[in-house]
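Note sheet for the following structure.
Protein chains in written order, with my numbering: chain A, 8 to 124; chain B, 13 to 519.
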């Protein structure tokens with residue numbers, strides 16, 4: 008804080024807990040940095056704890072790891088999530104369905120369109 | 013008007029992520045108490061009890077909001093245009109928002125009621141080793157007209173047995189839970205009338221604490237009439253904290269602190285106190301003064317007890333009494349008292365700035381609480397970290413209610429009744445004290461002493477409305493001292509880092 012000075016211990020505590028979070032998604036989207044190029048590596052961490060679906064808060068209670076659109080975070084969505092995204096049967100029916108998709112964020116359009124059959 | 017860095021509040025400072033704030037968003041002030049010290053302006057925030065210093069821009073915006081009730085961000089920026097840039101206004105509002113000085117005009121007021129989880133580790137057990145006393149102080153809450161428990165004709169033994177005292181030790185160690193230490197305060201009656209049991213209990217407690225890998229320490233309160241050389245040696249050698257109940261120089265002490273034949277106690281007590289202060293150097297020794305309508309000369313009392321007798325600290329408390337009693341302090345008396353407290357407190361500030369010790373403990377205790385910034389939901393630790401024990405082993409809210417069936421929390425052998433404790437905490441929470449809802453001093457007062465309220469209003473649940481003005485006046489004075497020290501001698505306040513307030517009471 009620049010315009011207020013914390014004097015007692017409680018005030019210092021207030022300052023600590025209200026410090027702006029790093030890599031906050033909303034901040035990133037609204038700040039000067041383009042949203043797709045945050046400072047440093049940003050690894051989508053998938054969904055959140057079981058009781059909060061991941062849209063309001065991530066598993067740490069912050070907003071840095073909120074659910075991504077499925078096309079951006081495909082693998083976390085179908086493997087790590089408590090409510091997994093539905094994907095083709097990659098063991099038997101469509102083992103190569105993501106073969107052309109090296110990086111989901113960039114190449115998601117290359118994912119095979121698979122019809123059940 | 014251009015809007016640079018619009019989302020300053022909306023993102024980094026918003027308590028709710030994603031909350032949108034625009035230049036049209038209207039803001040309003042939240043609760044705080046403003047005070048000045050050493051040329052600076054401060055805010056004591058309610059209910060968080062945080063203390064912040066405000067710079068000129070923050071002050072200007074707070075003043076504007078104070079005058080206008082609510083104002084939009086662009087209107088605020090326009091009002092200070094030429095003095096502060098729009099960016100500065102947004103930044104400052106961001107800081108004020110973070111500290112909860114301002115909020116959105118439409119934001120609902122949160123009213124959290126958070127009850128402590130039980131079992132709460134016990135910090136202090138006050139053990140009434142006797143309910144007998146060799147003095148007959150007219151104002152005594154235990155024997156006077158306002159007594160709660162009929163100790164003279166009651167069912168309880170006059171002296172606590174050695175066995176019960178041992179059970180109290182076991183109880184204190186057991187209930188201290190995860191705390192590495194337990195604290196036992198011996199109380200009465202006149203505590204030293206049961207010195208034989210006290211002495212054995214200290215030895216027993218040290219042994220038992222060592223057995224369970226904890227430490228234990230002791231304090232006691234006494235009227236000093238029974239301080240014989242062997243007693244003093246014991247207190248000094250065992251490092252027992254001692255508080256002496258004494259009202260001041262002879263003419264003041266002898267007004268109320270008398271023997272049953274009406275004779276004053278000063279002549280007997282003064283040489284014994286002197287002997288104690290000379291011999292007992294292992295812990296600082298304090299005097300505890302009861303103020304009444306007839307004995308309100310705080311400065312004179314302080315000078316006598318601190319400067320002449322040599323007490324390390326002197327603490328004052330207005331007598332606890334029903335309003336119609338002859339010794340009850342009137343409203344005018346409280347005003348007079350506040351003036352005296354203020355004068356003595358300014359002495360304290362001067363001493364602190366010059367690096368000298370000053371023994372006015374009421375200031376030190378309040379500064380300690382302000383420094384920590386605990387926002388209290390309960391006025392003191394009674395029923396939480398502190399409980400009292402009567403001579404028959406009944407555990408109660410605090411020592412002032414020891415033996416009262418209506419304020420019983422359990423027994424030494426059966427332990428604390430958690431349902432009773434929870435019901436007490438539920439019904440005594442600050443959120444139930446509607447009179448306190450608009451008071452800025454509630455984080456530090458929380459309605460005041462349960463026993464005082466019980467004596468005045470017949471219930472522990474209500475706030476002590478008769479001293480609201482006094483509490484606010486006194487807290488304001490202490491905030492000014494705190495602010496002055498924070499600016500002029502911040503290193504003085506470091507002594508309060510990591511020191512938690514310990515609920516204590518003496519009579």
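In this text, a Cβ means the ideal position worked out from N, Cα and C, and glycines have one as well.
Since this is a predicted model, take the numbers as computed values, not measurements.
{"Query": "Near residue 243 of chain B, what residues of its chain come up, given a Cβ to Cβ distance below 8 Å and the 5 sequence neighbours on each side ignored?", "Result": "204, 207"}
{"Query": "In three-state DSSP terms, what is residue 399 of chain B?", "Result": "strand"}
{"Query": "Taking Cβ-Cβ distances shorter than 7 Å, what residues in chain B pair up with residue 118 of chain A?", "Result": "Within chain B, no residue comes near residue 118 of chain A; the closest Cβ sits about 30 Å away, beyond 7 Å."}
{"Query": "Are the C-beta atoms of residue 12 of chain A and some chain B residue less than 8 Å apart?", "Result": "yes"}
{"Query": "Find out if the Cβ-Cβ distance for the pair residue 38 of chain B, residue 82 of chain B is shorter than 8 Å.", "Result": "yes"}
{"Query": "Helix, strand or coil: how does DSSP classify residue 69 of chain A here?", "Result": "coil"}
{"Query": "Give me, in chain order, the residues of the same chain whose beta-carbon lies closer than 6 Å to that of residue 201 of chain B; leave out the 5 immediate sequence neighbours on both sides.", "Result": "142, 143, 144, 145"}
{"Query": "Any idea if residue 507 of chain B is buried or exposed, counting beta-carbon neighbours within 10 angstroms, 16 or more meaning buried?", "Result": "exposed"}
{"Query": "Once DSSP output is grouped into helix, strand and coil, what is the label at residue 456 of chain B?", "Result": "helix"}
{"Query": "Would you call residue 107 of chain B buried or exposed, if buried means 16 or more other Cβ atoms sit within 10 Å of its Cβ?", "Result": "buried"}
{"Query": "Mind checking the segment 378-389 of chain B against chain A and listing, in chain order, the residues whose C-beta falls within less than 8 Å of any C-beta there?", "Result": "382, 383, 384, 385, 386, 387"}
{"Query": "Name the DSSP bridge partner or partners of residue 194 of chain B?", "Result": "B/228"}
{"Query": "At which residues does the beta strand (DSSP E) containing residue 548 of chain B begin and terminate?", "Result": "Residue 548 of chain B is absent from the model: chain B starts at 13 and stops at 519."}
{"Query": "What is the C-beta distance between residue 381 of chain B and residue 456 of chain B, in whole angstroms, given that I count them as a contact (C-beta under 8 Å)?", "Result": "6 Å"}
{"Query": "Please report whether the beta-carbon of residue 44 of chain B lies at a distance below 8 Å from any beta-carbon of chain A.", "Result": "no"}
{"Query": "If you count every other CB in all the chains shown that lies within 10 Å of the CB of residue 147 of chain B, and 16 or more means buried, which is it?", "Result": "buried"}
{"Query": "Quickly, what does DSSP pair residue 220 of chain B with across the bridge? List them, please.", "Result": "The partner list for residue 220 of chain B (beta bridge, DSSP) is empty, contrary to what the question assumes."}
{"Query": "For residue 256 of chain B, does the three-state DSSP call read helix, strand or coil?", "Result": "strand"}
{"Query": "List the residues of chain D that residue 60 of chain B touches, going by C-beta distances under 7 Å, in chain order.", "Result": "In the displayed structure, chain D is absent; the protein chains listed are A and B."}
{"Query": "Is there contact between the segment 402-414 of chain B and the segment 158-177 of chain B, where contact requires at least three CB pairs shorter than 8 Å?", "Result": "yes"}
{"Query": "Roughly how many angstroms separate the alpha carbons of residue 184 of chain B and residue 376 of chain B, rounded to a whole number?", "Result": "28 Å"}
{"Query": "Could you check how far apart the C-beta atoms of residue 289 of chain B and residue 260 of chain B are, in whole angstroms? I think they sit under 8 Å.", "Result": "Wrong, their Cβ atoms sit about 16 Å apart, outside the cutoff."}
{"Query": "Which parts of the segment 402-457 of chain B are runs of the alpha helix (DSSP H), unbroken and 4 residues or longer, counting only runs that do not cross its ends?", "Result": "430-439, 454-457"}
{"Query": "What residues of chain B sit near residue 9 of chain A, judged by a beta carbon separation below 7 Å?", "Result": "103, 107"}
{"Query": "With a cut-off of 8 Å, does the C-beta of residue 69 of chain B fall near any C-beta of chain A?", "Result": "yes"}
{"Query": "Could you tell me how far apart the beta carbons of residue 314 of chain B and residue 356 of chain B are, in whole angstroms, since I believe they sit closer than 8 Å?", "Result": "6 Å"}
{"Query": "By Cβ distance below 7 Å, which residues in the same chain neighbour residue 107 of chain A in space, the five residues on each side in sequence not counted?", "Result": "114, 117"}
{"Query": "Give me the chain A residues within the contact set of residue 110 of chain B, using Cβ-Cβ distance strictly less than 7 Å, ordered along the chain.", "Result": "8, 25"}
{"Query": "Take the Cβ of residue 17 of chain A as the centre, count every other Cβ of all protein chains shown within 10 Å, and call the residue buried at 16 or more, exposed below.", "Result": "buried"}
{"Query": "Between residue 179 of chain B and the rest of its own chain, which residues show a CB-CB distance below 7 Å, the 5 nearest in sequence each way excluded?", "Result": "405, 424, 425"}
{"Query": "Can we say the segment 246-253 of chain B touches the segment 266-279 of chain B, given the rule of at least three CB pairs closer than 8 Å?", "Result": "no"}
{"Query": "May I ask you to report which of helix, strand or coil DSSP gives residue 342 of chain B?", "Result": "coil"}
{"Query": "Determine the chain A residues that contact residue 63 of chain B at a beta-carbon separation under 7 Å, and present them in chain order.", "Result": "14, 15, 18"}
{"Query": "Touching or not, the segment 466-479 of chain B and the segment 333-342 of chain B, by the rule of three or more beta carbon pairs under 8 Å?", "Result": "yes"}
{"Query": "In terms of DSSP beta bridges, what is residue 114 of chain B paired with?", "Result": "B/41"}
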